[in-house]
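Following: one structure in C-alpha cells, then a few remarks.
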Amino acid sequence: MAVFPFVVVVWILGVGLYGIVTSRHLVHLIVCLIVVQSSTYVLLLGVGYVTGAVAPYYFDVPDHTPAVDPVVQALALTDVVVEAAVTALLLSFAIQAHKRFGTLDPQELASLKG
Amino acid sequence: MTPAQRRWIFLVAGAGLVAFYLWGLTGLPGFGNYPGPYGTAILRVAVAQTQATGVVSAVNFDYRGFDTVGEEFILFTAAAGMAVVLRHLRGERDRSALDEAAGRDVPATSGAVRMVALLFTGPAVVMGWWLASHAQASPSGGFQGGVVLATGFVLVYLAGEFLVFKRFSPVDLTDVVEAVGAAGFVATGLTAVFLGMPYLKDFLPLGQYPGAVSSSGTIALISFFVGLEVAAAFILIVGELLDQTLLVRHREA
Numbered sequence: 001m002a003v004f005p006f007v008v009v010v011w012i013l014g015v016g017l018y019g020i021v022t023s024r025h026l027v028h029l030i031v032c033l034i035v036v037q038s039s040t041y042v043l044l045l046g047v048g049y050v051t052g053a054v055a056p057y058y059f060d061v062p063d064h065t066p067a068v069d070p071v072v073q074a075l076a077l078t079d080v081v082v083e084a085a086v087t088a089l090l091l092s093f094a095i096q097a098h099k100r101f102g103t104l105d106p107q108e109l110a111s112l113k114g
Numbered sequence: 115m116t117p118a119q120r121r122w123i124f125l126v127a128g129a130g131l132v133a134f135y136l137w138g139l140t141g142l143p144g145f146g147n148y149p150g151p152y153g154t155a156i157l158r159v160a161v162a163q164t165q166a167t168g169v170v171s172a173v174n175f176d177y178r179g180f181d182t183v184g185e186e187f188i189l190f191t192a193a194a195g196m197a198v199v200l201r202h203l204r205g206e207r208d209r210s211a212l213d214e215a216a217g218r219d220v221p222a223t224s225g226a227v228r229m230v231a232l233l234f235t236g237p238a239v240v241m242g243w244w245l246a247s248h249a250q251a252s253p254s255g256g257f258q259g260g261v262v263l264a265t266g267f268v269l270v271y272l273a274g275e276f277l278v279f280k281r282f283s284p285v286d287l288t289d290v291v292e293a294v295g296a297a298g299f300v301a302t303g304l305t306a307v308f309l310g311m312p313y314l315k316d317f318l319p320l321g322q323y324p325g326a327v328s329s330s331g332t333i334a335l336i337s338f339f340v341g342l343e344v345a346a347a348f349i350l351i352v353g354e355l356l357d358q359t360l361l362v363r364h365r366e367a
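Those protein sequence lines, which keep their order, are chains L and H. My numbering puts the first residue of the first sequence at 1, with every later residue one more than the last. My numbering puts the first residue of the second sequence at 115, with every later residue one more than the last.
In C-alpha cells:
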C-alpha cells in the first residue's frame, strides 16, 4: 500500500484528461482542467507526508517534533487560490465564446474558425 | 478528427503514461518515508530564524517569498485579464438589475437565505481578517484570509440585491485595494534592498515570543498585503461575472 496515494494521483489525472479529450461543452472542459490540477495537490501532499509526523506548526507542540514537509504544503496552498482565479479567467473566455459564436461545444468551435 | 478517433488516440497515449508512471513509482521511497532534504532543513531552523510557528507561512512569505510574488501576480493578472475579456463590447448595454420581461418575475430571495447570509456576513469578515493577520502563528495566512474575506461580500449579494453588493464593493475601490496589496508585497521586498539587504529579507524586529501576533517581522506584514490583494481580486472576479447577467446583447435587444 506504500504507493496507493500515487496511484490515486494518476487516476485523477487520467479521469480529468479523458474528460478534456472527449468534452462537448467548454464549462465541462474547464471543470475537467480543475480535476487534472487537483491531481497535483494529491501528488505534492503525498510526496511530503511523513508517517507519524505532525503538521508543520509549532504553536502548541515542542520544537523539533518531526513534521511533514512544509514546502510542498506552501506550494499547494498558493496554487489552490491562484487556480480559482485562473478558472474565473477561463470561464470569462467561455462567456465571450458563447457571445460571439453562439455555441459552447469545443468541437463546433474548432470548425467555425471565426 | 472524429470523437471516436480522438478517444482511441487518448487511450493509447494514456496507457503509455500509466505504464511509465507505474515503472517510475518503483523507484520512489514510498508513501510516508519522503527524505526531502529541503523541508527537513527548513523545519530545523525556521522557528529560531523567523519566530514564526507556522512554518508553511514562513516558507510562503520568507524562504520562498520570491516565488509567492510570482504567484500573487498570476492572481493579479487573472483578475485584470478578466476585466479586459469581459469589457463591454460594441452593441452591449446594461439593463436594470430587475428582469423587465413581462410575466417573468425573478423570484424574491427567501427570508431564510437572507437571514443566514446576513448572520454570516460579519463572522466571515472577522474570520478573514483574523486568518490574514495570524499567518505567523497558525494554519492561516493572506491567501486563506483573503478568500474568506471576499466570501463576506458575496454573502451581501446573496442576502440582498445585486445593487447592494455593488455599493459595498465599488470597482474603483477594489481596484485600488488590489493594487495596494500587490504593490505592498513588492515594496516590502524593495525596502529590504534599500536597507542594504537582499530582496524580501526580513528587516523588521522578530519579536520575543514565537507565534505571537507581533512576532516574525515581515511575514505578518506580507501576509496582510496578500490578504488585501486576494480579497480584492475575488470581489472583482465575482462582480465581473455578476455584471455579465445584466448585459443585453445587441442581437437580442
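Just so it is clear, CB atoms sit at the ideal spot from N, CA and C, and this is done for glycine as well.
(message) If we define contact as Cβ-Cβ less than 7 Å, is H/F145 a contact residue for chain L?
(response) For H/F145, the closest Cβ of chain L is nearer than 7 Å.
(message) Taking the beta carbon of L/P70 as the centre, do at least 16 other beta carbons fall within 10 Å, making it buried, or is it exposed?
(response) So L/P70 counts as buried.
(message) Could you give the first and the last residue of the continuous alpha helix (DSSP H) run that contains H/K315?
(response) Run containing H/K315: none; DSSP gives neither H nor E here.
(request) Could you tell me whether any Cβ in chain L is nearer than 7 Å to the Cβ of H/I336? (result) No, no contact with chain L.
(request) Evaluate L/G114 with the Cβ neighbour count: other Cβ atoms within 10 Å of its Cβ, from every protein chain shown; 16 or more gives buried, anything less gives exposed. (result) The predicted model places L/G114 with a pLDDT of 49, which falls under 50 and marks its position as unreliable; any figure quoted below should be read in that light. With fewer than 16 Cβ atoms within 10 Å of its Cβ, L/G114 is classed as exposed.
(message) Let's see if you can read the secondary structure: which residues bound the alpha helix (DSSP H) around L/R24?
(response) Note, L/R24: premise wrong, no alpha helix (DSSP H); not H, not E.
(message) Measuring only the C-alpha atoms, how far is L/A76 from L/T65?
(response) 22 Å
(message) What would DSSP say about H/G141, mapped onto helix, strand or coil?
(response) coil
(message) Which complete alpha helix (DSSP H) runs does the stretch 46 to 101 of chain L hold, if anything under 4 residues is left out?
(response) Entirely contained in the stretch 46 to 101 of chain L, the alpha helix (DSSP H) runs reaching 4 residues are, in chain order, 70 to 101.
(request) Report yes if the C-beta distance between H/G341 and H/G256 is below 7 Å; otherwise report no. (result) Yes, they are a contact pair.
(request) Consider the Cβ of L/G114: report whether some Cβ of chain H lies at a distance smaller than 7 Å. (result) Bear in mind that a pLDDT of 49 at L/G114, under 50, signals an unreliable position, so the number given afterwards is only what the model happens to contain. So, not an interface residue.
(message) Considering only the alpha carbon of each residue, which of L/F59, L/Q73 and L/V8 lies closest to H/Y152?
(response) Checking every option, the nearest Cα to that of H/Y152 belongs to L/Q73.
(request) Could you give the DSSP three-state label for H/G168: helix, strand or coil? (result) Strand.
(request) Output, in chain order, the set of chain H residues within a Cβ distance shorter than 7 Å of L/P56. (result) L157, V169 and V170
(request) Kindly indicate if chain H contains any beta-carbon less than 7 Å away from that of L/Y49. (result) yes
(request) Give the interface partners of L/T103 over in chain H, defined as CB-CB distance under 7 Å, in chain order. (result) Chain H residues near L/T103: none, gap ~14 Å exceeds 7 Å.
(message) Per DSSP, what are the beta-bridge partners of H/G242 in this structure?
(response) According to DSSP, which records beta bridges pairwise, H/G242 is partnered with nothing at all.
(request) Quickly, what does DSSP pair H/N147 with across the bridge? List them, please. (result) L/V50
(message) Measuring only the C-alpha atoms, how far is H/Y271 from L/G52?
(response) 44 Å
(request) Could you give the DSSP three-state label for L/D105: helix, strand or coil? (result) coil
(message) Using 7 Å as the threshold, is the C-beta distance between L/Y57 and H/P253 below it?
(response) yes
(request) Leaving aside the five residues before and after H/K315 along the sequence, list all residues of the same chain whose C-beta is less than 6 Å from its C-beta, in chain order. (result) A306
(message) So, at 7 Å on beta carbons, what are the nonlocal neighbours of H/F282 in its own chain, with the 5 sequence-adjacent residues on each side left out?
(response) Around H/F282: F267 and V270.
(message) Let's test the definition: count the other Cβ atoms within 10 Å of the Cβ of H/H364 and tell me whether it reaches 16, buried, or not, exposed.
(response) Annotation note: pLDDT 46 at H/H364 (below 50); position unreliable, coordinate value reported separately. Exposed, by the Cβ-count rule.
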